[in-house]
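Heads up: the structure comes next, in C-alpha cells.
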Amino acid sequence: MNVKHNVVYFKPEEWVTFRENTGFQLGSTGKIVNPRLETFLGSIRTAYLKKNNVNLTEGIPVDIKRTIGDSESSGRFKLIGPFFFKDNKHYFPVPKNLYKIKNDEDEKTKYGLINPHTTYKSEFTLGNQKINLNVPWIPLSKKEAEPLESELIELKELEEFKNGKVENPNLIKINELAETETKVGIALEKNVKKTQEGMLYSIKTYRFKQNAGFFFFIDETTKDLLEGLDEVRLGMKSKIAKLRISNVETTLFDNTSQGKTALCLLTDTIFDGGFMPLNKEIGGSEIISAITGKKKCLSGWDLEKKQPKPIIHAVPAGSVYFLNSAPKLKDLEEGISYKRNDFGYGRFFTMNWNFVGGDIDE
C-alpha cells in the first residue's frame, strides 16, 4: 500500500564539500563514501538557532537545547538519509544481493538475485566465537557474472526489487546526478608542522546537476520544526543549500515478508560484533547468511575537545542479511543499529528469499 512519507530536500546552489576523518594505521582499511547525516543535522541546528535569535555567548535556552540535541542525541529532529534526488526521482544504494550476467553484443544484460546456498557454508569469527554462515550464491551459469558498476537505484525500481522483480532494473551512477571529486590528506599536529599520528582525512566535493541534490525522510515533528527554514549553510565552506519540504508515496516500507526474510540496509549500521550482531540475530530471527560491503569509518570533529572523535566502523548501506524467519519489526522501528539509531542509522526494508542450489542456468 502506498503511504506518504515526509521528506526534506537539500539543493546546493553550487558545489559543496564534505570532510571525514579515518584511521591511517595497520589494518585500517575502512572506506569513506557519502556524507553523514550528522553534517546535515549540524547545518539545520545552526539555522534553527539563528531563526530563534539565540545568542550563543549568552548560552542556549534549555528548551531549545532539548530540541536541537547534541553529539549523542539528535534531539527532536529525526532524519533518515542522506539519499539523492533529481527532478521527481529518488535514488538509493543498490542492494548487494543483486547481480548481472555479462551481456554479449546481441543480448541484453541479465540480472538476478543472490541467495544463500542450501548446503555450502563458510566459517567466520564473530567476537570470540566461530560461526558458520551459508554462502551467498549466484546460480551457476555458462556466462560470467560480474559485480554491478552502478551505484544507485530509483525508488520505483527498488519497490519492484523488493517484490523480487529484477529483470531489467534501471540503475545509474552518481555521476549522472553530480560531478564528484575526492581528495585525501594527512592531518597535522596543532601549532606544529608534524603529521598527526594515525589520521587521514578525505574531502569529497559534489557539483550537482540541475534540480538535483540530497534528501531525507523526516517525521511530523521534524517537518514542523523545519517550517520557515528556507536555506542552510552546508559543508566545509558553508555553501548555501535551499530546503524544500514535501512528501513521497512509496510501498518500500510495507511489511510483506513472511517466513525467511532478507533485510536490506538503507543506511549505515553499527553492530556490536562488527559485521553483524554478536548474538547472530536481528529482531529475534537468526542470521543465516549475509552480503556486506566494505566497512566504513565514522568519525567527526568534537567541538568541545577540538579534536577528531574516536573512529567507529559501520556496515554500509546496501548490505543484506538473510534471516531464517520474519523478524519482530515492531521492535525494530527505531532501527537496528547498536549505536546512533537516533541519527538515522540502521534503517532497512525487507523482502522474501529462498535457498538456491548449484544448478546451471542456461
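In this text, residue positions in the sequence shown follow our numbering: the first is 339, and each later residue adds one.
We put the beta carbon where it would ideally sit given N, CA and C, even for glycine.
Proximal residues to residue i (C-beta, below 6 Å), its chain only, five neighbours per side dropped
{"i": "ASP680", "result": "SER411, SER412"}
{"i": "PHE421", "result": "PHE430, PHE553"}
{"i": "VAL701", "result": "The first residue shown for the chain is 339 and the last is 700, placing residue 701 beyond what the model contains."}
{"i": "TYR458", "result": "VAL473"}
Close beta carbons around residue i, own chain, < 8 Å, minus the five adjacent residues each side
{"i": "LEU590", "result": "LEU493, LEU496, GLU497, LYS500, PHE687"}
{"i": "TYR449", "result": "LEU436, TYR437, LYS438, ILE439, VAL504, GLU505, ASN506, PRO507"}
{"i": "LEU486", "result": "VAL432, LEU436, TYR437, LYS438, LEU509"}
{"i": "ARG404", "result": "GLY413, ARG414"}
{"i": "ASP557", "result": "ASN344, LYS416"}
{"i": "ILE398", "result": "LEU387, VAL392, ILE406"}
{"i": "LYS677", "result": "ILE608, ILE650, TYR683"}
Inter-residue CB distance, residue i and residue j (contact presumed, cutoff 8 Å)
{"i": "SER657", "j": "LEU604", "result": "Not confirmed; about 10 Å, so no contact."}
{"i": "THR355", "j": "LYS575", "result": "6 Å"}
{"i": "PRO507", "j": "ILE626", "result": "That belief does not hold up - the Cβ atoms of PRO507 and ILE626 are roughly 25 Å apart, past 8 Å."}
{"i": "ILE650", "j": "ILE583", "result": "With 8 Å as the limit, ILE650 and ILE583 do not qualify as a contact, their Cβ atoms being about 31 Å apart."}
{"i": "TRP614", "j": "LEU464", "result": "Note that residue 614 corresponds to Met in the displayed sequence, not to Trp. Confirmed, about 7 Å."}
{"i": "THR599", "j": "ALA664", "result": "5 Å"}
{"i": "ILE674", "j": "LYS434", "result": "Their Cβ separation, rounded to whole angstroms, is 16 Å, which puts ILE674 and LYS434 out of contact at 8 Å."}
Beta-carbon proximity check, residue i vs residue j, cutoff 8 Å
{"i": "ASN585", "j": "VAL345", "result": "yes"}
{"i": "PHE415", "j": "LEU563", "result": "yes"}
{"i": "GLU351", "j": "LYS580", "result": "yes"}
{"i": "PHE555", "j": "GLY419", "result": "yes"}
{"i": "GLY573", "j": "PHE423", "result": "no"}
{"i": "THR456", "j": "PHE693", "result": "yes"}
{"i": "VAL570", "j": "ILE402", "result": "no"}
{"i": "THR560", "j": "LEU379", "result": "no"}
{"i": "GLU624", "j": "LYS618", "result": "yes"}
{"i": "GLU587", "j": "VAL341", "result": "yes"}
{"i": "GLY597", "j": "LYS389", "result": "no"}
{"i": "ILE476", "j": "ILE452", "result": "yes"}
{"i": "TRP353", "j": "LYS577", "result": "yes"}
Residues of its chain near residue i, where Cβ-Cβ distance is below 7 Å and the 5 sequence neighbours each way are ignored
{"i": "ILE670", "result": "The residue asked about is misnamed: residue 670 is Leu in this sequence, not Ile. Cβ within range, chain order: GLY621."}
{"i": "LEU616", "result": "LEU464, GLY465, ASP610"}
{"i": "ARG685", "result": "ILE418, LEU604, THR605, GLY673"}
Local Cβ density within 10 Å of residue i, reported as buried at 16 or more and exposed below that
{"i": "GLU519", "result": "exposed"}
{"i": "ASP568", "result": "exposed"}
{"i": "ASN513", "result": "exposed"}
{"i": "MET339", "result": "exposed"}
{"i": "ASN472", "result": "buried"}
{"i": "ASP606", "result": "buried"}
{"i": "SER595", "result": "buried"}
{"i": "LEU394", "result": "exposed"}
{"i": "GLY695", "result": "exposed"}
{"i": "PRO373", "result": "buried"}
- Message: Whether or not the region 499–513 and the region 647–663 are in contact is what I'm after, with contact meaning three or more pairs of Cβ atoms, one per stretch, closer than 8 Å; do they touch?
- Response: no
- Specify whether the region 424–433 and the region 483–493 touch according to this definition: at least 3 beta carbon pairs, one from each stretch, less than 8 Å apart. The region 424–433 is in contact with the region 483–493.
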